[in-house]
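Protein chains in written order, with numbering that gives the first Met the number 0: chain A, 0 to 224; chain B, 0 to 224. Heads up, the beta-carbon is just placed ideally off N, CA and C, and yes, glycines get one too.
Number of protein chains: 2
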Amino acid sequence: MTLKILVVDDQALVRRGFAMVLGNETDIEVVAEAGTGLEAIQAAHQHQPDIILMDIRMPELDGLEATARILETQRESTRIIILTTFDPDEYIYRALRAGASGFVLKDIPPESLVAAVRTVADGGAMLDPTVTRRLIGRFAGKLGAAQNYASRIDRLTDREREVLQSLADGKSNQEIADALFIGAATVKSHVSSILSKLELRDRAQAVVLAYESGLARVGERDVEF
Amino acid sequence: MTLKILVVDDQALVRRGFAMVLGNETDIEVVAEAGTGLEAIQAAHQHQPDIILMDIRMPELDGLEATARILETQRESTRIIILTTFDPDEYIYRALRAGASGFVLKDIPPESLVAAVRTVADGGAMLDPTVTRRLIGRFAGKLGAAQNYASRIDRLTDREREVLQSLADGKSNQEIADALFIGAATVKSHVSSILSKLELRDRAQAVVLAYESGLARVGERDVEF
DNA sequence: ATCGCACTCCCCCAAAAGGTGGAGATCAAG
DNA sequence: CTTGATCTCCACCTTTTGGGGGAGTGCGAT
């Protein structure tokens, strides 16, 4: 199956350049090009590309806004790689929030661009190394505070951690009991112990801490409520 | 200037493999190998490598702990790339927190490994695409399911959303009342209304939904408990 | 063998949370 | 001006939660 690509950039020359690089691959086809954000949205709906290479600075509607709008309606089928000339700083966070799967500089070597497209098509994400570092730094920094909790969590027993996991699912004591095949009284014991060890007041705080510490992660939960 | 590399893995065969791949490059030199975490720490101090390729599962001291210890004393001069066989899931956060600059799977193509080493040496960071995606997801607080909840959330009134925010801080009804300058009874009303509108059972579930929907995001909270 | 620990479960009690069914006030829109 | 929505609060009631005691089992370390 060939990958359908949409190339979006306000400079025709740049579009052609990327299109040529990608067109050399047998399993990649550039199905459309767009020169503005609005055109991009239009083209995305019309051609349903697998991957969109999106410039940021464009007339009418910038690439990040276009990214957000496109992903609103076709998040499942289309992934977007943001291309920028340099200075990712101000844009990366907006880009990632908008739902971009990649963020690379335009001076990327052609073969790397191809690799990035394939990676993203495979469900991965590809960021420029400096962006990656920034993201890690931000991530690690944010965890500065939560690290206290992460270390406190280590003091929990295995069973207690299991119970905390269940708490982070929004389960009641009885539901946890059923899930772990133990009595409700036992769950109460564990919960009490957890709250005490982590210096928390109630299960709601336990849920917060589970997320902040990384024990629970967004999107990994089977939230059936 | 040639890059000095330390290869750490408990399997000698794996070490030799990586060493050979890297040794082919004229500007890369494998200055030492280690088979355990403790050996790694020792070798890192002795050889002051620019880059360490570090396995996770090892006897004596695992790679993540070794990473943390090494970076404690030579964070400026040495960068570490974590290598794992698969299932990055459980390790990535610990790895990034420990200060790793890279996290790649062992089945990485040789030329990509070389590229990763150069990237990290240049001050960038290199993560496996699935890891990158996870990190983005975590940062952006958005993931597939989030949309369902997000839509339910906008049925809430402004005040209710405020209260939900407070719930996601782990606050009790009284604390929310104090924070919003209203009575505890009023908070109860709002909470009831929230639970009813979102079809939740208790505040713990509300916290979960706040995170899963992106209304609350890891690291944005002033967790003072 | 004894100690500590984790895990299991029990009882009792108080506090918090949640449900129901109100009420008054405001304010924007029809 | 009436309607509907929102925000504020109340009273009454039931359920859940959380704390404070135990207590018995098994298991691994000393």
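Pair within 9 Å by beta-carbon distance, residue i and residue j
| i | j | result |
| --- | --- | --- |
| I80 (chain B) | M53 (chain B) | yes |
| V130 (chain A) | V20 (chain A) | no |
| I40 (chain A) | I69 (chain A) | yes |
| I91 (chain A) | R133 (chain A) | yes |
| V226 (chain B) | P128 (chain A) | The shown model of chain B, from 0 to 224, leaves out residue 226 (chain B), and the question about it has no answer. |
| L126 (chain A) | L126 (chain B) | yes |
| A18 (chain B) | T66 (chain B) | no |
| F102 (chain B) | T83 (chain B) | yes |
| A203 (chain A) | R202 (chain B) | yes |
| A124 (chain A) | S150 (chain A) | no |
| T35 (chain A) | E59 (chain A) | yes |
| D49 (chain A) | I55 (chain A) | no |
| F224 (chain A) | R200 (chain B) | yes |
| A115 (chain A) | T77 (chain A) | no |
| S192 (chain A) | E161 (chain A) | no |
| Q47 (chain B) | Q10 (chain B) | no |
| Q173 (chain B) | V186 (chain B) | yes |
| I135 (chain B) | L214 (chain A) | no |
| R117 (chain A) | L12 (chain A) | no |
Range of the contiguous beta strand (DSSP E) that encloses residue i
| i | result |
| --- | --- |
| M53 (chain B) | 50 to 54 |
| T83 (chain A) | 78 to 83 |
| L214 (chain A) | No beta strand (DSSP E) holds L214 (chain A); DSSP gives it neither H nor E. |
| A124 (chain B) | No beta strand (DSSP E) contains A124 (chain B), which DSSP labels as neither H nor E. |
| E28 (chain B) | 27 to 33 |
| K3 (chain A) | 2 to 7 |
Host alpha helix (DSSP H) of residue i (start-end)
| i | result |
| --- | --- |
| F224 (chain B) | Segment: none, F224 (chain B) is in no alpha helix (DSSP H) and carries neither H nor E. |
| A99 (chain A) | Run containing A99 (chain A): none; DSSP gives neither H nor E here. |
| L63 (chain B) | 62 to 73 |
| L199 (chain A) | No alpha helix (DSSP H) holds L199 (chain A); DSSP gives it neither H nor E. |
| I40 (chain A) | 36 to 46 |
| M19 (chain B) | 11 to 22 |
| E59 (chain B) | Where E59 (chain B) is concerned, there is no enclosing alpha helix (DSSP H), given that its DSSP letter is neither H nor E. |
| V109 (chain A) | A small correction: the amino acid at residue 109 (chain A) is Pro; Val does not occupy that position in the sequence shown. Here the alpha helix (DSSP H) through P109 (chain A) covers 109 to 120. |
The ligand NAP heavy atom lying under 8 Å from the CB of residue i
| i | result |
| --- | --- |
| A114 (chain A) | Absence of the ligand NAP from the depicted structure is noted, as is the absence of any ligand whatsoever, leaving it without description. |
| Ordered list of beta strand (DSSP E) runs contained in the region 127 to 197 of chain A, each at least 3 residues | none
| request: May I ask you to verify whether the region 31 to 39 of chain B touches the region 2 to 17 of chain B, counting CB pairs closer than 8 Å and requiring at least 3? | output: yes
| said: Count Cβ pairs between the region 159 to 175 of chain A and the region 201 to 212 of chain A that sit closer than 8 Å; are there 3 or more? | reply: yes
| Contacting positions in the region 37 to 49 of chain B - beta carbon closer than 7 Å to chain A | Cβ contacts with chain A: none found.
| task | Give, in chain order, every residue of the region 194 to 214 of chain A whose Cβ lies closer than 8 Å to some Cβ of chain B. | result | E198, L199, R200, D201, R202, A203, Q204, A205, V206, V207, L208, Y210, E211, G213
| Are the region 196 to 204 of chain B and the region 150 to 157 of chain B in contact at 8 Å, needing three or more beta carbon pairs? | yes
| field | Short-range partners of chain B found in the region 107 to 131 of chain A, where Cβ spacing is below 8 Å | value | Taking 8 Å as the Cβ-Cβ cut-off against chain B, the residues of the region 107 to 131 of chain A that qualify are T118, V119, D121, G122, G123, A124, M125, L126, D127, P128, T129, T131.
| query | Taking Cβ-Cβ distances below 9 Å as the criterion, which residues of the region 167 to 196 of chain A are in contact with chain B? | reply | A167, D168, G169, K170, S171
| message | So if I threshold CB-CB distances at 8 Å, which residues from the region 67 to 91 of chain B count as touching chain A? | response | none
| field | Residues in the region 9 to 39 of chain A having any Cβ partner in chain B nearer than 9 Å | value | none
| query | Going along the chain, which residues of the region 148 to 162 of chain B sit with their C-beta nearer than 7 Å to a C-beta in chain A? | reply | none
| query | For the region 52 to 64 of chain A, which residues have a beta carbon sitting closer than 9 Å to at least one beta carbon of chain B? | reply | none
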